[in-house]
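Undergrad: Have a look at this one.
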Amino acid sequence: MRKINNITIIGSGNVGTEFGKKLYQAGYNIDGVFGYRIESGKNLAKETSSKFFSNKTEIPSESDLYLIALKDDLYIETLKDINLEGKLIIHTSGSLESKALNSFSNRWGCIYPLQSISKNRKVNWNSFKTYIEASNTKDENALIELCETLELNFSKADSNQRKKIHLAAVASNNFTYHLLSNIREFCEENKLEYQDFKNLISQSVDNSLLEKVYQLQTGPAKRKDVKLIENQIKMVKDNKNLKDIYELFTQQILNKHHEL
695 MRKINNITII GSGNVGTEFG KKLYQAGYNI DGVFGYRIES GKNLAKETSS KFFSNKTEIP
755 SESDLYLIAL KDDLYIETLK DINLEGKLII HTSGSLESKA LNSFSNRWGC IYPLQSISKN
815 RKVNWNSFKT YIEASNTKDE NALIELCETL ELNFSKADSN QRKKIHLAAV ASNNFTYHLL
875 SNIREFCEEN KLEYQDFKNL ISQSVDNSLL EKVYQLQTGP AKRKDVKLIE NQIKMVKDNK
935 NLKDIYELFT QQILNKHHEL
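And the structure:
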């Protein structure tokens with residue numbers, strides 16, 4: 695018999711929705727869905743054959759697990775009005791200190807997917823790592839069983855480790871999107887085909903997974919081609935974001951590859 699059977703979902707955003715659907719499809723009973731977004735909450739409740747609650751007092755009190763997927767600044771504000779003492783409370787945040795949930799229950803933990811999840815894209819759950827944490831061995835084993843049932847690729851990580859993982863995820867995901875969006879904007883402004891860079895971008899990402907990736911660095915900063923650098927900075931003088939990025943990255947590459 696499974697250690698966890700009945701689950702309440704608190705939060706109906708991207709992560710809450712996709713986790714809820716995944717759990718339901720794996721045969722878990724979803725007791726109910728609470729969310730601040732009424733439409734998405736009702737949609738998730740419908741997809742998981744459960745009920746939607748807009749009032750925290752209506753949240754079921756006998757679930758085996760309470761999966762909470764909210765913005766970090768909403769966890770404490772939401773949980774302070776719900777009596778979950780002695781219940782297993784699991785959050786999905788990469789940066790939240792799990793022990794912060796101890797004031798609501800001594801049974802707390804985390805299940806953090808190392809992936810940018812969107813309701814608009816199919817989630818291939820076993821293609822990325824998911825990190826788990828629990829306050830005690832019994833609940834940790836229950837989380838391990840749940841991950842195995844969901845066929846997740848998972849590892850254990852405490853809050854300190856997970857915060858560092860999350861920081862690296864922010865830099866590699868969010869910063870990359872920001873960089874590429876500025877490059878795309880530059881291409882559009884100058885009537886260049888952004889799609890022409892697809893192979894170069896893909897190759898760069900693939901190469902970044904190799905060891906000692908800094909040794910693969912090329913370009914004017916690596917060569918210390920000062921004249922070309924100055925000319926290219928002039929070319930982006932009217933695009934402040936890209937100019938700032940170019941100057942910052944160029945200086946860091948110069949520092950790394952031309953240290954005195």
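Numbers 695 to 954, taken from our numbering, label the letters of the sequence shown in order.
No residue lacks a Cβ here, since even glycine has one placed at the ideal position from N, Cα and C.
Just so it is clear, the structure is predicted and the values come from calculations on it, not from any experiment.
(1) My guess is that Y888 and R878 are in contact by the Cβ rule of under 8 Å, so how many angstroms apart are they, rounded?
(2) Under 8 Å between the Cβ atoms of S996 and G726?
(3) Can you list, in chain order, the stretches of the alpha helix (DSSP H) that have 4 or more residues and sit fully within the segment 845 to 926?
(4) Among I923, F943 and A863, which residue has its Cα nearest to the Cα of S787?
(5) With a cut-off of 8 Å, do at least 3 Cβ pairs link the segment 798 to 813 to the segment 739 to 750?
(6) From the DSSP output, in three-state form, read off L782 for me.
(7) CB-CB under 6 Å to L954, same chain, minus the five flanking residues each way: which ones, in chain order?
(8) Residue ranges of each beta strand (DSSP E) run of no fewer than 3 residues wholly in the segment 805 to 840, ordered along the chain?
(9) Per DSSP, what kind of secondary structure is V709 in: helix, strand or coil?
(10) By a C-beta neighbour count over all protein chains shown, 10 Å radius and 16 as the cutoff for buried, is H785 buried or exposed?
(11) For a test of the three-state rule: what should DSSP assign to L954, helix, strand or coil?
(12) Run through the DSSP bridge pairs and tell me what I753 is partnered with.
(13) I'd like the span of the beta strand (DSSP E) that includes N1036, first residue to last.
(14) Please classify V709 as buried or exposed, where buried requires at least 16 other C-beta atoms within 10 Å of its C-beta.
(15) Nearest to E803 by CA position, among L761, D766 and I698, is which residue?
(16) Just to confirm, is the Cβ distance from A836 to K697 under 8 Å?
(17) Counting pairs of beta carbons, one from the segment 941 to 954 and one from the segment 908 to 920, are three or more of them closer than 8 Å?
(18) In this structure, what does DSSP give as the bridge partners for F746?
(19) What is the residue span of the alpha helix (DSSP H) that L759 lies within?
(20) Can you tell which of I732, I753, D938 and R731 has its C-alpha closest to the C-alpha of I724?
(21) Select from F880, S789 and S902 the residue whose C-alpha is nearest the C-alpha of D852.
TA: By the coordinates alone:
(1) 5 Å
(2) The structure shown does not extend to residue 996, since the chain is modelled only from 695 through 954, so no value can be given for it.
(3) 853 to 863, 869 to 883, 892 to 902 and 914 to 917
(4) A863
(5) no
(6) coil
(7) Low confidence applies to L954: its pLDDT is 43, below 50, so where it sits in the model is not reliable, and the reading given next is rough at best. Hits under 6 Å: none found.
(8) 823 to 828
(9) helix
(10) buried
(11) Note on L954: pLDDT 43, under 50, position unreliable in the model; the coordinate value appears next. Reduced to three states, the DSSP call for L954 is coil.
(12) DSSP lists no partner for I753.
(13) Residue numbering for the chain in the displayed model covers 695 to 954; residue 1036 lies beyond these limits and cannot be assessed.
(14) buried
(15) One point to set straight first is that residue 803 is Gly, not Glu, in the sequence displayed. Residue L761 is the option with its Cα nearest to G803.
(16) yes
(17) yes
(18) V727
(19) No alpha helix (DSSP H) contains L759, which is instead part of the beta strand (DSSP E) from L759 to I762.
(20) I753
(21) S789
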